[in-house]
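The opening residue of the sequence shown carries number 1 in full-length UniProt numbering; numbering runs sequentially from there.
Here is the structure we will look at.
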Amino acid sequence: MEERHILGTYRLDCATIQELCAQLEPDLMSAIRHPTGIPPLVQVLSVLHFLASGSFQTTVAMASGMSQPMFSNVLSRVLSALLKHMRSYIVFPQVEDLPTVKGDFYALGHIPNIIGAIDGTHVAFVPLCRNEKVYRNRKSYHSMNVQMVCLADQYISHVNANILALCMTLTF
1 MEERHILGTY
11 RLDCATIQEL
21 CAQLEPDLMS
31 AIRHPTGIPP
41 LVQVLSVLHF
51 LASGSFQTTV
61 AMASGMSQPM
71 FSNVLSRVLS
81 ALLKHMRSYI
91 VFPQVEDLPT
101 VKGDFYALGH
111 IPNIIGAIDG
121 THVAFVPLCR
131 NEKVYRNRKS
141 YHSMNVQMVC
151 LADQYISHVN
161 ANILALCMTL
171 TF
């Protein structure tokens, strides 16, 4: 596969995907109980494709050669493994780093004293029966509002996925 195609499909370059697989492999190998288990590389690539495309689990599962229930299990395993390593990738700048961070943002847009760019998006999902109404957003589908902060070099410095859809349906 060409690097351009890999970036378009997975939103990460080949070297980063290999590094991520190496880091997650111990967590994902323990999930393989028999010879027909799904290799860690396939697990990571299918989840990256799902996250990058915003597609449905069934669509990504079919493209990855697995059933939707199997992909759902893979998704859960890979996301859990990613969460274990989150602190190595998502780090808010320390006080001593703030002048550099502010300088990087100033170089981009000539706006002083910026320490992060913040945005949010709704991640759609099929809700469990309990508290179903809490996750229905103003567009009448179920979602969780995820907020992220990134630095000038596009590294993520903070993630908050604890915001219910209901909280962000107000219009100003």
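Where is the CB? At the ideal position from N, CA and C, for every residue including glycine.
Because the structure is a prediction, the values reported are computed rather than measured.
- Within the same chain, 92, 149 come within 6 Å of residue 158 by CB-CB distance, once the 5 residues on both sides are set aside.
- DSSP, reduced to helix, strand and coil, places residue 86 within a helical segment of the structure shown.
- In the structure shown, residue 153 adopts coil according to DSSP, grouped into three states.
- One Cα belongs to residue 75, the other to residue 125, and the distance between them is close to 13 Å.
- Under the three-state reduction of DSSP output, residue 142 falls in the strand class.
- For the pair residue 107 and residue 71, the Cα-to-Cα distance works out to about 43 Å.
- In the three-state reduction of the DSSP assignment, residue 38 falls in the coil class, being assigned neither a helical nor a strand state.
- Under DSSP, residue 160 forms a beta bridge with 147.
- In this structure residue 104 touches residue 153 by the C-beta definition: roughly 7 Å separates them, less than 8 Å.
- For residue 123, the enclosing beta strand (DSSP E) covers residues 117-124.
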